[in-house]
Amino acid sequence: MSEAATHVASGKVRELYALDEERLLLVASDRISTFDVVLPTDIPDKGRVLTGLSAFWFARTTELVPNHLLQLRADGRSMECRRLEMLPIECVVRGYLTGSGWKDYVATGEVCGHRLAEGLVESQQLPEPIFTPATKAHTGHDENITREQASELVGADLFAEAERIALALYRYGAEWAATRGIILADTKFELGLDPEGTLVLGDEALTPDSSRFWPADGYEAGRGQPSFDKQFVRDYCESLGWGKTAPGPELPDDVVAGTRARYVEAFERLTGIAFDDYLADPEVVSR
Ligand code: Q0N
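Okay, here's the thing in structure tokens:
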């Protein structure tokens, strides 16, 4: 880093530093997590893929919502961002019934207060995408909350605006991805307020870490779907009979290489840009 920066927050695989009063630096590492555990082995360039994809979507969705990106750094993994006042909810949109949405549906017939038709099956596409907010759990898992609870947390007006923005972003990303053979099953956005009180898209967006990407090829409702990016890692971990608690296993070279190739493939399919061109000049995704 060229400027002194104070570390302000850590995610499992990303770090956030303060550059000054108005600006943050968001750095995506090459760490990978599976079954909620960060593994000891890095996936080379994973952080660059995620940062490049976020910047790609940010450039294309400014008409839908302004975003926090000020400047993509030449390392391809760091973004200088506007500092926002983040909403205390995760803005999740689901187009398919999977993960905690599927679990909640099986238990209650509802997901975050949306009552769904009876007889839906795992991984089924919903008739319409639904906004399913969650609280930001500082330890462990985000917890799904109802529309009413989310509305109480942020206020009715901001809730309605956040829902509109999140659904519009999901629809845009899902439609784009579908034409490139990728199903965007669900995704999570973080929104914040700028000093004028305008809602701004923050964090990373429409990446494999903030979304479930499924290969459209071979999609079949009624069962779990393979992950576009992490399936080699999951299969390898399952083959070990690992108990899915820390510490996670080291990954062998072929699993690392195969997984890196899947991240790069997701980048190239979605952006239509050669990943080497991104490495040479990250600004290619913003043009
Ligand atoms: C912020 N988080 C949660 C990176 C992601 N633009 C912003 N302004 C103020 N705060 C935040 C952002 C953003 N983005 C977002 N925490 C603070 C997710 N973090 C966790 C750590 O790694």
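In the working numbering, the protein residues as written are 9 to 295.
For glycine and all other residues, C-beta sits at the position ideal for the given N, C-alpha and C.
Residue i, enclosing beta strand (DSSP E) - first and last residue
i           : result
residue 104 : 97 to 104
residue 196 : 190 to 201
residue 86  : 86 to 90
residue 25  : 22 to 26
residue 72  : Where residue 72 is concerned, there is no enclosing beta strand (DSSP E), given that its DSSP letter is neither H nor E.
residue 137 : 133 to 139
residue 16  : 14 to 18
residue 292 : From DSSP, residue 292 is part of no beta strand (DSSP E); its letter is neither H nor E.
residue 39  : That residue, residue 39, is in no beta strand (DSSP E); it is neither H nor E in DSSP.
residue 235 : No beta strand (DSSP E) holds residue 235; DSSP gives it neither H nor E.
residue 81  : No beta strand (DSSP E) contains residue 81, which DSSP labels as neither H nor E.
residue 223 : 219 to 223
residue 214 : Run containing residue 214: none; DSSP gives neither H nor E here.
Proximity test, residue i beta-carbon vs the ligand Q0N heavy atom, cut-off 8 Å
i           : result
residue 34  : yes
residue 44  : no
residue 28  : no
residue 211 : yes
residue 145 : no
residue 259 : no
residue 24  : yes
residue 93  : yes
residue 62  : no
residue 120 : no
residue 76  : yes
residue 130 : no
residue 17  : yes
residue 99  : no
residue 89  : yes
residue 198 : yes
Limits of the unbroken alpha helix (DSSP H) element including residue i
i           : result
residue 271 : 261 to 279
residue 184 : 164 to 186
residue 110 : 107 to 116
residue 63  : 54 to 68
residue 242 : 239 to 248
residue 287 : 283 to 288
Contact set for residue i: own chain, Cβ-Cβ below 6 Å, skip 5 residues either direction
i           : result
residue 235 : none
residue 66  : 75, 77
residue 170 : 99, 199
residue 266 : 240
residue 107 : none
residue 250 : 257
residue 203 : none
Same chain, Cβ closer than 7 Å to residue i, five either side skipped, listed in chain order
i           : result
residue 259 : 47, 49, 241, 244
residue 44  : none
Close Cβ partners of residue i (< 8 Å) along its chain, the five nearest in sequence each way excluded
i           : result
residue 268 : 51, 52, 53, 54
residue 31  : 78, 88, 89, 90, 91
residue 162 : 95, 96, 97, 170
residue 42  : 238, 241, 242, 245, 256
residue 13  : 25, 26, 27, 33
residue 190 : 221, 222, 223, 224, 236, 274, 277, 278
Could you tell me whether the stretch 70 to 83 touches the stretch 278 to 285, where touching means 3 or more Cβ pairs closer than 8 Å?
no
How do the stretch 182 to 201 and the stretch 209 to 220 stand: do at least 3 beta-carbon pairs fall below 8 Å, yes or no?
yes
Give a yes or no on contact between the stretch 78 to 94 and the stretch 174 to 182, applying the rule of three or more CB pairs nearer than 8 Å.
no
Touching by the beta-carbon criterion (3+ pairs, under 8 Å), the stretch 79 to 86 and the stretch 216 to 234:
no
Measuring CB atoms only, is the stretch 223 to 241 touching the stretch 13 to 25, in the sense that at least three cross pairs come out at less than 8 Å?
no
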